[in-house]
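Novice:
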Amino acid sequence: MSLSFPGESPEYRAARDSLLEREVALRRELEAIAEQRRDLPPGGLVPEDYVLQSDNGDVRLSDLFSPGNDTLVVYHYMFPRDPTDDRPGPASGESAQLTLQQGPCPSCTALLDQLDGAMEHFSPHADFAVVARAPIEHVLTFAAERGWRRLRLFSCAGTTFSRDYHGEETDGSPRPMLNVFHRGDDGIRHFWGSELLYEPAEPGQDPRHVGTIEPVWNLFDLTPHGRGPDWDEQLSYCHE
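Read in full-length UniProt numbering, the sequence shown has 92 at position 92, and its numbers run on one by one without any break.
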C-alpha cells in the first residue's frame, strides 16, 4: 500500500517509499531483538539483598518488587552528576544550594521527566525504581521541586549496588545504566542491562543505550533538522 499527501512530487513519493522500506525492516529488526532479549538464559543471581534508603527509611532490593510483580527495572540516576558535566544546575529551590558537582545530571533528569508520566501505565505490570548515590534527602527534595509524582526514588549510598551493576565507573564516576531484574523461585537474577552504554558510539552520536525509551530524542528524529549538533538536555530552558 502506498500513500500520498497533498502537493507532493513524484520525487518525494519515490524517496519516501524507499525510506518506508527501511522503516519496515527496522520494525522487523526491533521485534526480533526484543524476542532475542526475552529468550536470554537466566542471568546471574544478585549477590546480596542491597540495603537502600527511601522516604520511609531502609529498604532492601527485594522490597522493590511489588506483590504479584516478578520484574524490576532500575535506572541508575547520575545524582551526583558526572564530574565533567558543566551544564547549569538547579536555579531555584533548596537544590540550588548544592554545588554543581553534587547536583543532578540534566540528561538523566530529562529522561525521568518523561518516564514519570509513564509509570501509571507501566507499574501494574512491572516495577520501576530510580536509584542514585546522592543522599536520599537530596534526591527527594529535587524530585519534589521537579514535580515528579509517580517515580519511586532510592539512594544506594554506602553500598556497592551501582558499582556492581555498572552504574558507576571504577573511579567512582556515575553512569546512567538501566538494569532489569527478575525474581524467581531461586532468588533475584539480573536479566538485562543497557550495555550499549559501554560500546563505542558512532562518530557524532551518543551511546543511545536507552534510545528506544526516550520520547524527546525520538521526536527530534522525525523532524527536518533532526537532533541537531548543538542541543542538549538542560534542567531549564530560556525562551526569548
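Cβ atoms here follow ideal geometry from the backbone N, Cα and C, with glycine treated the same way.
1. Hey, Leu197 and Pro90 are a contact pair by Cβ (cut 8 Å); roughly how many whole angstroms apart?
2. Beta-carbon within less than 8 Å of Gly193's beta-carbon, same chain only, minus the 5 sequence neighbours each way: which residues are those?
3. Let's see if you can read the secondary structure: which residues bound the beta strand (DSSP E) around Leu72?
4. What does DSSP give as the partner residues of Ile188 in its beta bridges?
5. So for Gln53, helix, strand or coil by DSSP?
6. Which two residues bound the contiguous alpha helix (DSSP H) that contains Ala110?
7. Between Tyr50, Gly211, Arg13 and Arg175, which lies nearest to Gly158 when the distance is taken from Cα to Cα?
8. Give the straight-line distance between the Cα atoms of Leu64 and Thr99, rounded to the nearest whole angstrom.
9. For the alpha helix (DSSP H) holding Leu153, just list the boundary residues, first then last.
10. Quick check: Ser155 and Ala132, are their CB atoms within less than 8 Å of each other?
11. Just verifying my parser: in three-state terms, what is the DSSP assignment at Asp127?
12. Round the Cβ separation of Glu214 and Leu111 to the nearest angstrom and send it over; I've been treating them as touching at under 8 Å.
13. Would you check if the distance between the CB atom of Gly44 and the CB atom of Arg149 is smaller than 8 Å?
14. Buried or exposed for Leu153, please, with buried defined as at least 16 other CB atoms from any protein chain shown within 10 angstroms of its CB.
15. Quick check on DSSP: helix, strand or coil for Gly89?
16. When we look at the beta-carbon of Ala25 and count the other beta-carbons within 10 Å, is it buried (16 or more) or exposed?
17. Find the nearest neighbour of Ala34 within the set Asp232, Pro104, Ala118 and Thr212, judged by alpha-carbon distance.
18. What first and last residue would you give for the alpha helix (DSSP H) that runs through Asp17?
19. Whole angstroms are fine: how far does the CA of Gln114 sit from the CA of Ala144?
20. Less than 8 Å separating the beta-carbons of Asn56 and Asp127?
21. Measuring alpha carbon to alpha carbon, tell me which of Met119, Arg16 and Gly172 ends up nearest Leu222.
22. How many angstroms separate the CA atom of Ser4 from the CA atom of Arg22?
23. Helix, strand or coil for Leu98 per DSSP?
24. The alpha helix (DSSP H) with Arg146 in it runs from where to where?
25. Just verifying my parser: in three-state terms, what is the DSSP assignment at Gly103?
Specialist: Reading from the atomic positions:
1. Actually they do not touch by this definition, with Cβ atoms about 25 Å apart.
2. Tyr165, His166, Met177, Leu178, Asn179 and Val180
3. Thr71 to Tyr77
4. Arg183
5. strand
6. Pro106 to Asp116
7. Tyr50
8. 30 Å
9. No alpha helix (DSSP H) holds Leu153; the beta strand (DSSP E) holding it covers Leu153 to Ser155.
10. yes
11. strand
12. 6 Å
13. no
14. buried
15. coil
16. exposed
17. Thr212
18. Pro10 to Arg38
19. 15 Å
20. no
21. Arg16
22. 18 Å
23. coil
24. Ile136 to Arg146
25. coil
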